Amino acid sequence: MLTGGLFVGLSTVDIAYAVGAYPAEDTKTQADDMFLGAGGPAANAAVTYAYLSGLETTLVTALGTHPLATTAHADLRKNGVTVRDMARGSVHRPPVSSIVVAGQTGTRTIVSMDGSELDAVPDFQVRGLDDELDVMLADGHHPRLSNWAASIAECGIAPLVVDAGRWRDTYRSLLKMATTVICSESFTPPGVRPGDIDGVFDYIRKQGPTFAAVTRGGKPIRYMYNDVRGEIPVNSDGVVDTLGAGDILHGAYCHFHKFEHFPTALWRASEVATESCRYRGTREWMRHWPAPTGAEQPDPRYRNY
Numbered sequence: 037m038l039t040g041g042l043f044v045g046l047s048t049v050d051i052a053y054a055v056g057a058y059p060a061e062d063t064k065t066q067a068d069d070m071f072l073g074a075g076g077p078a079a080n081a082a083v084t085y086a087y088l089s090g091l092e093t094t095l096v097t098a099l100g101t102h103p104l105a106t107t108a109h110a111d112l113r114k115n116g117v118t119v120r121d122m123a124r125g126s127v128h129r130p131p132v133s134s135i136v137v138a139g140q141t142g143t144r145t146i147v148s149m150d151g152s153e154l155d156a157v158p159d160f161q162v163r164g165l166d167d168e169l170d171v172m173l174a175d176g177h178h179p180r181l182s183n184w185a186a187s188i189a190e191c192g193i194a195p196l197v198v199d200a201g202r203w204r205d206t207y208r209s210l211l212k213m214a215t216t217v218i219c220s221e222s223f224t225p226p227g228v229r230p231g232d233i234d235g236v237f238d239y240i241r242k243q244g245p246t247f248a249a250v251t252r253g254g255k256p257i258r259y260m261y262n263d264v265r266g267e268i269p270v271n272s273d274g275v276v277d278t279l280g281a282g283d284i285l286h287g288a289y290c291h292f293h294k295f296e297h298f299p300t301a302l303w304r305a306s307e308v309a310t311e312s313c314r315y316r317g318t319r320e321w322m323r324h325w326p327a328p329t330g331a332e333q334p335d336p337r338y339r340n341y
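All residue numbers for the sequence shown refer to my numbering, where the first residue is 37 and numbers rise by one.
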């Protein structure tokens with residue numbers, strides 16, 4: 037039996053280096069700091085949800101038994117996430133992300149594998165779940181896991197939040213079952229021009245989801261619910277490291293959506309993500325952000341248009 041939050045998708049082993057400025061080609065640079073742990077959209081969202089909610093948090097992913105995977109397993113376990121590894125019999129190396137974060141700008145450059153080398157096959161059924169599951173998130177990675185997540189959402193066991201990065205065919209089934217879709221600015225569905233956010237919203241609405249948002253780095257977040265569209269300001273002061281900010285926003289939204297009206301839940305999630313950018317790595321922010329004890333009053337800092 038699962039309760040709390042269920043997160044389905046990609047986990048990586050992240051090796052992130054903090055430097056003052058991005059190094060020139062064919063040079064050597066001494067890093068100021070280093071982060072080694074689990075990364076990936078579903079994994080970072082799961083860690084965030086586990087911290088904010090204090091509830092049972094399960095991550096269905098593919099890591100395998102390669103020695104490198106032990107780093108990710110240990111980090112997730114330390115941060116309150118139970119991993120159901122759908123590639124546990126594989127000795128193939130897990131996806132590894134090599135990341136350089138430039139302190140002068142707070143930007144990050146990532147070179148990574150997307151997990152396509154691991155075949156993740158779900159080995160437990162919907163009957164292992166029940167109506168105590170509060171929320172489920174899927175990031176579209178690992179096609180068989182995405183289809184499995186869509187089948188759970190179709191049963192109405194839990195509302196499905198979709199983390200939509202660049203377009204993947206797996207989103208076709210996920211969007212039809214989703215309640216909420218939170219997209220990156222690079223999300224471009226078929227037939228929609230790049231950068232046409234209203235076109236993205238129109239496409240999503242036709243698939244069925246009621247709520248949608250597009251994150252745009254330091255620019256205001258655009259959102260849609262039913263026929264209402266608007267934006268939420270983002271405070272980008274003091275940004276040190278943007279690594280994982282979108283993933284953290286998704287995990288925070290999965291927590292707040294239970295307590296708040298959609299724009300307010302989205303705004304509160306963006307506040308958590310923004311705070312995470314003021315510290316290096318994807319975990320340090322938790323040392324400075326106390327876990328909420330319950331729902332708070334909605335904040336008016338969003339506007340419709």
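Note that CB positions come from ideal geometry on N, CA and C, so glycine has one too. As the structure is a prediction and not an experimental result, all values here were calculated from the model.
Worksheet entry | beta strand (DSSP E) segments (min. 3 residues) lying fully within the region 86-142 | 93-97, 117-121 and 132-138
So which of 259, 89 and 131 has the shortest CA-CA distance to residue 103? 131
Exercise for the section: Confirm, please, whether the CB-CB distance from residue 317 to residue 52 is below 8 Å. Expected result: yes
Check your understanding: Leaving out five residues before and five after residue 77 in sequence, what residues of the same chain have Cβ atoms less than 8 Å from its Cβ?
Key -> 45, 46, 175, 177, 199, 201, 282, 283 and 286
*For residue 321, I'd like the list of residues in its chain whose CB is within less than 6 Å of its CB, leaving aside the five on either flank, ordered along the chain.*
311, 312 and 315
Quick check on DSSP: helix, strand or coil for residue 163? Reliability fails at residue 163, whose pLDDT of 48 lies under 50, so the model's placement of it is uncertain and no value is given.
request  = Thinking residue 216 and residue 247 are a contact (beta carbons under 8 Å), I'd like their distance in whole angstroms, please.
outcome  = 4 Å
Going by beta carbon distance, what residues of the same chain come within less than 8 Å of residue 169, once the five residues before and after it are set aside? 38, 39, 40, 41, 42, 193 and 194
Point to revise | Sequence-distant residues of its chain with Cβ nearer than 6 Å to residue 249 (five each side left out) | key: 218, 257, 259 and 302
List in chain order: all unbroken alpha helix (DSSP H) runs of 4+ residues lying wholly within the region 170-221. 179-190 and 207-213
Discussion item. Let me check understanding here. Comparing Cα to Cα, which of 180, 124, 276 and 73 lies closest to residue 133?
Written reply: 73
| task | Can you give me the Cβ contacts of residue 275 inside the same chain, cut-off strictly under 6 Å, excluding the 5 residues immediately before and after it? | result | 142 and 313
| message | Can you give me the C-alpha to C-alpha distance between residue 139 and residue 57, rounded to a whole angstrom? | response | 6 Å
Original post:
Are residue 93 and residue 127 close, meaning C-beta to C-beta below 8 Å?
Top reply: no
By DSSP's criteria, residue 148 is part of a beta bridge. Which residues make up the other side?
133
Give every residue of the same chain whose Cβ lies closer than 8 Å to the Cβ of residue 162, excluding the five residues on either side of it in the sequence, and list them in chain order. Residue placement at residue 162 is flagged as unreliable, the pLDDT there being 46, under the threshold of 50; a coordinate-derived value is accordingly withheld.
* **Supposed contact pair residue 112 and residue 88 - C-beta distance, whole angstroms, cut 8 Å** => No, residue 88 and residue 112 are not in contact; Cβ-Cβ is about 16 Å, not under 8 Å.
Considering only DSSP beta bridges, list what residue 75 is partnered with.
48
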